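Contents: one structure, followed by commentary.
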């Protein structure tokens, strides 16, 4: 399994703009064969912070994901609202 | 740094009961010398899922945290509402 957390500090007040396209992006990603989890979270005490927690069967499944048109479209959408982004892998349990 | 993500699937409808004591728990944890981050997140499309993302200077800082009365009190509080809990370490960036 290939699992990671992406922590996005959004430009003030833009978090919900990003999330406005989340359902569509999540449906498309979750429909991909190697997608185990593709979940988004909002910080309880920082309205400008989001985390994406993604689990993929393996690196190849994630590479496939990154080549999809829906992925590049969603990244192009949310990237414009970033102030900072940190990518960290997770030691997947089990 | 010692960083991890705790994914909690709450019993239906109990997420906000857990979060009702979050501010107090977060203030106490963040006041500890080795605490780098102690952030809680709610899932955007699953009202019964929470993640805690914690960053500690090192294992000893986290061990100290776990021995504090405010920590054991908060864990005892939220544990009663769990359906499932997964603990996974994060490869902290930088």
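Protein chains in written order, with my numbering: chain A, 30 to 123; chain B, 30 to 123. All C-beta atoms, glycine included, are put in the ideal place defined by N, C-alpha and C. Bear in mind the structure is a predicted one, so any value in this text is a computation, not a measurement.
Residues near residue 67 (chain B) in its chain [Cβ-Cβ closer than 7 Å; skip 5 each side]
The answer, listed in chain order, is 55, 58, 59 and 83.
Extent of the continuous alpha helix (DSSP H) run through residue 99 (chain B):
Segment 98 to 108, the alpha helix (DSSP H) holding residue 99 (chain B).
So, does the segment 37 to 47 of chain A touch the segment 97 to 115 of chain A, judging by three or more C-beta pairs under 8 Å?
Contact between the segment 37 to 47 of chain A and the segment 97 to 115 of chain A is present, with at least three C-beta pairs closer than 8 Å.
Distance between residue 69 (chain B) and residue 71 (chain A) (C-alpha atoms, nearest Å):
Rounded to whole angstroms, residue 71 (chain A) to residue 69 (chain B) spans 8 Å at the Cα level.
Of all the CB atoms in chain B, is at least one closer than 7 Å to the CB of residue 70 (chain A)?
It does: the Cβ of residue 70 (chain A) has a partner Cβ on chain B nearer than 7 Å.
In angstroms, rounded to a whole number, what distance separates the CA positions of residue 122 (chain A) and residue 38 (chain A)?
Looking at the two C-alpha atoms, the distance is approximately 26 Å.
For residue 77 (chain A), which residues from the same chain have a beta carbon less than 7 Å from its beta carbon, with the 5 sequence-adjacent residues on both sides left out?
Cβ within range, chain order: 38, 39, 41 and 44.
Just the chain B side, please: which residues come within less than 7 Å of residue 35 (chain A) by C-beta, in chain order?
Listed along the chain, the chain B residues whose CB falls inside 7 Å of the CB of residue 35 (chain A) amount to none; the nearest CB is some 10 Å away.
Could you give the distance in angstroms between the alpha-carbon of residue 111 (chain A) and the alpha-carbon of residue 36 (chain A)?
C-alpha separation (whole angstroms): 10 Å.
Min CB distance residue 120 (chain A) to chain B below 7 Å
Chain B places a beta carbon closer than 7 Å to that of residue 120 (chain A), counting this residue as a contact.
Counting only Cβ pairs nearer than 7 Å, list the residues of chain A close to residue 73 (chain B).
Near residue 73 (chain B) (Cβ distances below 7 Å), the residues of chain A are 48, 51, 69, 70 and 71.
Please name the residue, chosen from B:50, B:102, B:89 and B:73, that lies closest to residue 51 (chain A) on a Cα-to-Cα basis.
With distances taken between Cα atoms, residue 51 (chain A) lies closest to B:73.
Selected residue, minimal CA-CA separation from residue 33 (chain A), among A:85, A:47, A:75 and A:96:
The shortest CA-to-CA distance from residue 33 (chain A) to any of A:85, A:47, A:75 and A:96 is the one to A:85.
Could you tell me if residue 91 (chain A) is buried or exposed, where buried requires 16 or more neighbouring beta carbons within 10 angstroms of its beta carbon?
Looking at its Cβ environment, which holds 16 or more other Cβ atoms inside 10 Å, residue 91 (chain A) is buried.
Residue range of the beta strand (DSSP E) that residue 45 (chain A) falls in?
From DSSP, residue 45 (chain A) is part of no beta strand (DSSP E) but of the alpha helix (DSSP H) over 44 to 48.
Under 7 Å between C-beta atoms, does residue 108 (chain A) make it to chain B?
Judged by the 7 Å Cβ criterion, residue 108 (chain A) is not in contact with chain B.
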